[in-house]
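Before any comments, here is the structure.
There are 2 protein chains.
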Amino acid sequence: MAAEQDPEGRAAARPLLTDLYQATMALGYWRAGRAQEAAEFELFFRRCPFGGAFALAAGLRDCVRFLRAFRLRDADVQFLASVLPPDTEPAFFEHLRALDCSGVTVRALPEGSLAFPGVPLLQVSGPLLVVQLLETPLLCLVSYASLIATNAARLRLIAGPEKRLLEMGLRRAQGPDGGLTASTYSYLGGFDGSSNVLAGQLRGVPVAGTLAHSFVTSFSGAEVPPDPMLAPAAGQGPRVDLAACVEVWLERVCAHLGLGAQEPHPGERAAFVAYALAFPRAFQGLLDTYSVRRFQVPWLASVPIAVSNNIDEEELARLAQKGSEVDLIGIGTSVVTCPRQPSLGCVYKLVAVGGQPRMKLTEDPEKQTLPGSKAAFRLLGADGSLLLDVLQLAEEPPPQAGQELRLWPRGARESCTVRPAHVEPLLRLWVQQGQLCEPLPSLAESRAFAQLSLSRLSPAHRRLEQPEQYQVALSEKLQALVNRLRALGPQ
Amino acid sequence: MAAEQDPEGRAAARPLLTDLYQATMALGYWRAGRAQEAAEFELFFRRCPFGGAFALAAGLRDCVRFLRAFRLRDADVQFLASVLPPDTEPAFFEHLRALDCSGVTVRALPEGSLAFPGVPLLQVSGPLLVVQLLETPLLCLVSYASLIATNAARLRLIAGPEKRLLEMGLRRAQGPDGGLTASTYSYLGGFDGSSNVLAGQLRGVPVAGTLAHSFVTSFSGAEVPPDPMLAPAAGQGPRVDLAACVEVWLERVCAHLGLGAQEPHPGERAAFVAYALAFPRAFQGLLDTYSVRRFQVPWLASVPIAVSNNIDEEELARLAQKGSEVDLIGIGTSVVTCPRQPSLGCVYKLVAVGGQPRMKLTEDPEKQTLPGSKAAFRLLGADGSLLLDVLQLAEEPPPQAGQELRLWPRGARESCTVRPAHVEPLLRLWVQQGQLCEPLPSLAESRAFAQLSLSRLSPAHRRLEQPEQYQVALSEKLQALVNRLRALGPQ
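Top line first, the protein sequences correspond to chains U and H. Residue 491 is where the first sequence ends in my numbering, and the numbering goes up by one at each step. Residue 1491 is where the second sequence ends in my numbering, and the numbering goes up by one at each step.
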């Protein structure tokens, strides 16, 4: 398998970023002679986040990066030896040392796809031992990425297409890499960029930013600019002394507004002058509060305005209201930490081993899994609108457009019939036996795909509060398999 | 400055893991000729998290690791050049290339200390440009670490000292490094260990774990163990065929319990046999639900029981109730993502520059900062109980035990007097001009210190719901400085 070029990829998620029980289970499989048995896992979520009816799939690029670099180093194996029972056979550690993902195949929803409960975001197949070890890192990489992308998509739906949305929550993120993930996937979900420089450098996210309060606070007004002279923007004509200009204008503006010339703070003014001298083509003032209408100065209404400070869905809805003069909205904590639901709760479940379907039997119907190696399709109406998603056994022929299908919607007791005008396969083969099958789309392409996907969802499903639930249905054969395995299992 | 040995340190938080406006402000300071001006920032929070009255300080070890490795590489500077204005002087980038933390001094609360609103967790002083650039990464490293440690401490208070608490939320963490941070600092806050292997390898957190459902699901009952023979634990006597033994016992147990021999699932049994063969000295069964009392088998009550599954503060309180037979409690999402409040909201504020105190003047009294280079002390009663924390100017003499002090509690309009029996300085000098002054305590030492610190807090402040707020007060001189600067500023 080709080595990963990005050194950061390996550091962010290493093979030992996993739960110890994955390693103990690996030993259990190995001792039972089952390490190489063919197995398939599915990664999915059970409920859409934030009370909505959709999620965006994301994180695949990090998973692929992780799989391609997956290799236990000597120090990793030695550490595992130190925490596993002392009588563990050296041959087991030899097995671990030789482990890579060259036997692993991954099918997945393209990043930016709409994802619904129970539909696999990832299907991972390969030798039982290694695909078991992948559980925790893949969950960690997909869950939060998809949560963030979905959160960003909701905020974009609220803001509408025109407002510029900037993610600026790095300082509030749950750990440094949480910040990098958040910046990357909020962009995928529909933001315009981030303040996070590393996300620009490593992931190509557009970065933006101007100044913060400490810059303003750092000036007292006693500072003397080393060079207060500013050339005209056009590049011709004499340079002007900006600091002196500001003093002249200050008097005129204060007189016009009926303020005393001492009222504006000299430190604030010195900071703005210093900033304007440093960024003559990208000046930005910074105010704690603003009111462009307070002073009845009409041209102020044409100044682009950026706002930030604890903006959540409700506050954003107010800012996005028609006629709002705000142009750019910076959002931190509420996009990055997803306070309304800080985890997506993805699971990674065994669906087949040794070619036989497997199903988790439990008294809790929500925790029951769907057995067997599966395919997934999206059925569409004649107008291109989404009807429902279908899960069926991999060996079944794909649904045909124009043909009537009998299906079992999840959670319903009755079957239904559907005649789709179009059928789209949902899962693509990205990695086959450790080899990348096609280049992943760029982050910007996935971002565009996310917006396209969302535009095809009906308003009833796209609605953020109390939406209609989107249906996921089983083929008759898959439903029959579920019934058969359920009958075999405990009560 | 000595190079950082841990390669992971550099990868997790690099210099460009910062907001772009830190870089634009750096350029602003540089053009204003102020890059080298002496500045001091304080990192603190304004409100205790989770509705409690305390927080635990954490994250210092990551900050020190970050500072020691801080150095912009060529690629970093080139990336900054690509996003800053094209006419930026090459000399600015030369300045960045030469930048390190050799001029930076850090005072901080030791990790595991009780922290209260407005008391600095970190004081960072050095050249204005570089200490400004440190803002975002330091906030990112301290905020989440302290949030997690505090969350873990609350869960420990609920569980009591006897239950074993295991963090197992890696799959739910906000990004891979979020998981590593959570595992590290939940241990510091009072957990016994984590399932996260990487936290064991890199940070020395005790790791634990047994098996998950996929192991059970992977067995059908048709598997034949390669070697079903088990030697006696004492090491003497003949080996027994465990698989055959289990079948014999199954019949006897079923007869005793009045169950049909077909009722127990053969796959589950095969999985447990395989696990027992792999871990004869550390067998653990795995059940979806359990009831040791259902079958009236007295010895079952002596089996150690571990539970997990969506355990939050309320559920933990039920499990911790007297007489609960649970021994080990695994907690995932609710310790790692802190759903009740997923960010601590620390801020990093300029308090002095060029030897002059600075204060952010704002209409929002909560956002007003405390000016000047400060010292912080904890005043204690004769019985060692905590009375209050005092902030004063660095140049003031420390409060003396037994002497009456006049203080201004924050948020109060009146001063008060206190006569402490003991006085403890809170902030320690860890890094002076880039040099580590003393080794940081180990993670286990910080963990013990956290428990000691919590034990000295009065029950009224330690209470998790509606606690009494712990007082932080200003010295008379600091209060006078605040009043003076407030009078100078805008209305």
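Glycine included, each C-beta is placed from N, C-alpha and C at the ideal position.
Contacts that residue i makes with chain H (C-beta to C-beta distance below 7 Å)
i	result
residue 132 (chain U)	1214
residue 353 (chain U)	1218
residue 140 (chain U)	1170, 1171, 1173, 1176 and 1179
residue 356 (chain U)	1220
residue 136 (chain U)	1170 and 1171
residue 33 (chain U)	1226
Same chain, Cβ closer than 8 Å to residue i, five either side skipped, listed in chain order
i	result
residue 1128 (chain H)	1029, 1034, 1035, 1036, 1037, 1038, 1039 and 1353
residue 447 (chain U)	112, 187, 188, 189 and 190
residue 483 (chain U)	none
residue 1081 (chain H)	1088 and 1093
Cβ separation of residue i and residue j, assumed to be a contact under 8 Å, to the nearest whole Å
i	j	result
residue 376 (chain U)	residue 387 (chain U)	That belief does not hold up - the Cβ atoms of residue 376 (chain U) and residue 387 (chain U) are roughly 14 Å apart, past 8 Å.
residue 216 (chain U)	residue 268 (chain U)	6 Å
residue 347 (chain U)	residue 371 (chain U)	Incorrect: roughly 14 Å between the Cβ atoms, too far for contact.
residue 45 (chain U)	residue 53 (chain U)	About 13 Å; that fails the 8 Å criterion.
residue 242 (chain U)	residue 273 (chain U)	6 Å
Closer than 7 Å at the beta carbon, the chain U residues around residue i
i	result
residue 1025 (chain H)	211, 212 and 215
residue 1360 (chain H)	213 and 217
residue 1127 (chain H)	Ordered by position in chain U, no residue passes the 7 Å Cβ test against residue 1127 (chain H), which lies about 12 Å from the chain.
residue 1020 (chain H)	195, 197, 207, 208 and 209
residue 1339 (chain H)	342
Chain-ordered neighbours of residue i on chain U, where CB pairs are closer than 8 Å
i	result
residue 1039 (chain H)	218
residue 1241 (chain H)	None at all; the shortest Cβ gap to chain U is about 15 Å.
residue 1468 (chain H)	Chain U residues near residue 1468 (chain H): none, gap ~26 Å exceeds 8 Å.
residue 1013 (chain H)	176
residue 1017 (chain H)	170, 176, 179, 180, 196, 197 and 198
Under 9 Å from the C-beta of residue i: neighbouring residues of chain U
i	result
residue 1349 (chain H)	213, 214 and 217
residue 1281 (chain H)	85 and 87
residue 1504 (chain H)	Summary: the structure shown does not reach residue 1504 (chain H), with chain H confined to residues 1001 through 1491, and so no result is reported for it.
residue 1333 (chain H)	342, 343 and 345
Contact set for residue i: own chain, Cβ-Cβ below 7 Å, skip 5 residues either direction
i	result
residue 420 (chain U)	379, 380, 387, 399 and 401
residue 286 (chain U)	211, 213 and 216
residue 358 (chain U)	350, 351, 352 and 371
residue 159 (chain U)	165, 316, 320 and 329
residue 27 (chain U)	84, 88 and 92
residue 1022 (chain H)	1132, 1133, 1135 and 1136
residue 1477 (chain H)	1392, 1393 and 1396
residue 1437 (chain H)	1429, 1430 and 1431
residue 1049 (chain H)	1055, 1147, 1150, 1341 and 1344
residue 1020 (chain H)	1083
residue 1117 (chain H)	1045, 1046, 1047, 1048 and 1472
Close beta carbons around residue i, own chain, < 6 Å, minus the five adjacent residues each side
i	result
residue 1014 (chain H)	none
residue 167 (chain U)	183, 186, 191, 194 and 335
residue 17 (chain U)	137
residue 1355 (chain H)	none
residue 1208 (chain H)	1166 and 1193
residue 62 (chain U)	141
residue 1424 (chain H)	1378
residue 42 (chain U)	120, 123, 349 and 351
Within chain H, partners of residue i - CB distance below 8 Å
i	result
residue 272 (chain U)	By Cβ distance, chain H contributes nothing, its closest Cβ being about 10 Å from residue 272 (chain U), past 8 Å.
residue 231 (chain U)	Under the 8 Å cutoff, chain H gives no residues; its nearest Cβ is about 10 Å from residue 231 (chain U).
Beta-carbon neighbours of residue i, restricted to chain H and to distances below 9 Å
i	result
residue 28 (chain U)	1211, 1215, 1271, 1274, 1275, 1277, 1278 and 1279
heavy atom of the ligand GDP below 7 Å from residue i C-beta
i	result
residue 204 (chain U)	Ligands in the displayed structure: none, and consequently the ligand GDP is not present.
- Message: Counting only Cβ-Cβ distances shorter than 8 Å, please list the residues of the stretch 194 to 207 of chain U near chain H, keeping chain order.
- Response: 195, 196, 197, 198, 200, 201 and 207
- Segment contact flag, the stretch 1150 to 1162 of chain H with the stretch 1401 to 1412 of chain H, C-beta cutoff 8 Å, min 3 pairs: no
- Item | chain H contacts from the stretch 144 to 178 of chain U (Cβ-Cβ distance under 7 Å) | 144, 168, 170, 171, 172, 173, 174, 175, 176, 177 and 178
- Task: Pair every Cβ in the stretch 196 to 207 of chain U with every Cβ in the stretch 223 to 241 of chain U, then say whether three or more of these pairs are closer than 8 Å.
- Result: no
- Using a beta-carbon distance cut-off of less than 8 Å, what residues from the stretch 58 to 80 of chain U approach chain H? 75, 76, 79 and 80
- Does the stretch 93 to 103 of chain U come close enough to the stretch 454 to 470 of chain U to have 3 or more Cβ pairs within less than 8 Å? no
- Would the stretch 168 to 183 of chain U and the stretch 67 to 84 of chain U be scored as touching if the rule is three or more Cβ pairs under 8 Å? no
- Message: Please identify, using Cβ separations under 7 Å, the residues of the stretch 421 to 439 of chain U that lie next to chain H, in order along the chain.
- Response: none
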